[in-house]
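Numbering-wise, the sequence shown is residues 3 to 341 according to the numbering used here. As structure tokens, the structure follows; a few thoughts come after it.
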Amino acid sequence: MSVNFSWPIFGHNKQISFLQNTLKQGNLANAYLFYGAKGLGKKMIAKYFVQSLFCTESTKPCQNCLACLKMNRGIQGNFMYLSALKNKDDNEDTQVEQVRNFLSNLSLTSFDGGYKLAIIYAVDKLNIFSLNALLKVIEEPPKNTTIILIADQINNLPATVISRCQLLKFQPLNKKDMSAWLETFKLNEVNQQTILNLSFGKPGLALEYIEDNLVSFKKDCQFLLKILSDNTFVAWQDLEHWFGILKKANPQAKVYELAHITTHYLDLWQLLLRDILWHKLNRPVLNVLFSENIAKISQKYSVTKILNNLLSINKIRRQLKNNVTPQLVWENLVLDLKI
């Protein structure tokens, strides 16, 4: 039977071709490691790989056969998945127990004697004890069993785990593939160009913008642009008001939790400053929605001030990870730019 594939995915041609050929030849590895930045489509490709393995039709996945219907309903007995992302109440012992139970169930014989396939999401978030348990299974895998590990980065994974996996590295999509994918959403021209510029080849990030219709993005930009436009005293008041709202909305939040909330704004601050710098250097800005605001604000700051503020952002990210009060960090960031 001739096998065809129906994977509605843009980009990642090399990785997709490799996986589809693997399915055609029936020579699955014991373990795969999909890695690359968050939002690139690793989970989506893993999903189609799994569906295609179980699909009984010639065009895979057909979405209509019994195997596909079971997958879509979450009742495919030969497929398992686990997310290593912690719930707020989880501790290390809880995670180890979850991983061991998962691996124990994976070692059981499949329902029909066929393949069993498992996905572990965010494997780079597992602690060392959980990784050791995983390593034992990868070294001596159950018969007809394949595990797909998904990670945003592999720097902290033990070399022993990495060396026993078939590695597939995922990169951001190029502009051509991203543009073609965005065309399917029928966005207006300005929104499409904005999302294309700001998602940096990451479909997952682009989807967040699309699903929100850029509403949150616009609101957050307006807030930070106001701080950049205001004089020092008013900007200070803006920050005071902002953190008052954050603390009221998150009354039980600890310092590191507030810091995590503000990290998104730090990313956006960096983006706006970079666009202000690019405008001053006569280069096209990425944030075309606010190009007029950026042009106006660019007159207020020197290239040196902007560069120094941009260079300090990585230092600030480290401070926010070390339980430094986020409000103090932000106040210093704004003052350094304005004074």
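The beta carbon of each residue, even a glycine, is placed where N, CA and C say it ideally should be. The structure displayed is predicted, hence computed values, not measured ones.
Reference residue i, options the options, closest by Cα
i: Ser60; options: Leu25, Leu87, Ala39, Asp269; result: Leu25
i: Leu84; options: Asn103, Tyr303, Asn74, Leu68; result: Asn103
i: Ser4; options: Leu170, Gln22, Val236; result: Gln22
i: His14; options: Lys228, Tyr211, Ser54, Lys45; result: Lys45
i: Ala135; options: Leu105, Lys127, Lys307, Pro328; result: Leu105
i: Leu216; options: Leu226, Gln194, Phe235; result: Gln194
i: Arg319; options: Arg285, Leu309, His262, Val287; result: His262
i: Ser19; options: Ala208, Ile308, Leu313, Leu170; result: Leu170
i: Val101; options: Asn129, Arg75, Thr111; result: Asn129
i: Ser109; options: Phe131, Cys64, Lys145, Glu99; result: Lys145
i: Thr58; options: Ile47, Asn107, Tyr117; result: Tyr117
i: Asn233; options: Cys64, Asn74, Tyr303; result: Tyr303
i: Ala255; options: Pro143, Asn6, Thr327, Ile149; result: Thr327
Exposure label - residue i; buried when at least 16 CB within 10 Å
i: Asp214; result: exposed
i: Asn80; result: buried
i: Gln27; result: exposed
i: Ile341; result: exposed
i: Phe219; result: buried
i: Gly115; result: exposed
i: Gln97; result: buried
i: Gln224; result: exposed
i: Asn295; result: buried
i: Gln17; result: buried
i: Ala346; result: A query on residue 346 cannot be resolved here, the shown segment of the chain reaching from 3 to 341 and no further.
i: Ala420; result: This structure leaves residue 420 out entirely; the chain is present only between 3 and 341.
i: Ile229; result: buried
i: Leu339; result: buried
i: Gln53; result: buried
i: Leu313; result: exposed
i: Lys178; result: exposed
i: Lys90; result: With a pLDDT of 49 at Lys90, under the threshold of 50, the modelled position of that residue is not reliable, and the figure given next carries that caveat. Result: exposed.
Sub-8 Å separation of residue i and residue j beta-carbons
i: Asp222; j: Leu270; result: yes
i: Thr162; j: Leu198; result: no
i: Asn311; j: Leu275; result: yes
i: Gly43; j: Ile77; result: no
i: Leu337; j: Thr265; result: no
i: Ala69; j: Phe51; result: no
i: Leu203; j: Pro174; result: What sits at residue 203 in the sequence shown is Gly, not Leu. It is a contact, given that the beta carbons lie within the stated cut-off.
i: Tyr34; j: Leu119; result: no
i: Ser343; j: Lys62; result: One cannot answer for residue 343 here, as it falls past the ends of the chain, which runs 3 to 341.
i: Met180; j: Ser165; result: no
i: Val257; j: Asn190; result: no
i: Asn107; j: Met82; result: yes
i: Leu184; j: Pro160; result: no
i: Phe172; j: Ile212; result: no
Contact belief for residue i with residue j at Cβ below 8 Å, rounded distance in angstroms
i: Asn289; j: Thr147; result: Wrong, their Cβ atoms sit about 47 Å apart, outside the cutoff.
i: Ala86; j: Val125; result: 6 Å
i: Ile315; j: Leu268; result: 7 Å
i: Ala31; j: Gln239; result: Contact flag wrong, Cβ pair sits at about 58 Å.
i: Phe292; j: Leu227; result: 6 Å
i: Ile121; j: Ala237; result: About 46 Å; that fails the 8 Å criterion.
Could you check whether the stretch 155-170 touches the stretch 37-55, counting it as contact only if at least three pairs of C-beta atoms, one from each stretch, sit closer than 8 Å? yes
Cβ pair count under 8 Å reaching 3, the stretch 276-286 against the stretch 297-317: yes
Task: Three-pair Cβ contact test at 8 Å for the stretch 237-246 versus the stretch 327-337 - done: Taking a contact to require three or more Cβ pairs closer than 8 Å, the stretch 237-246 and the stretch 327-337 qualify as touching.
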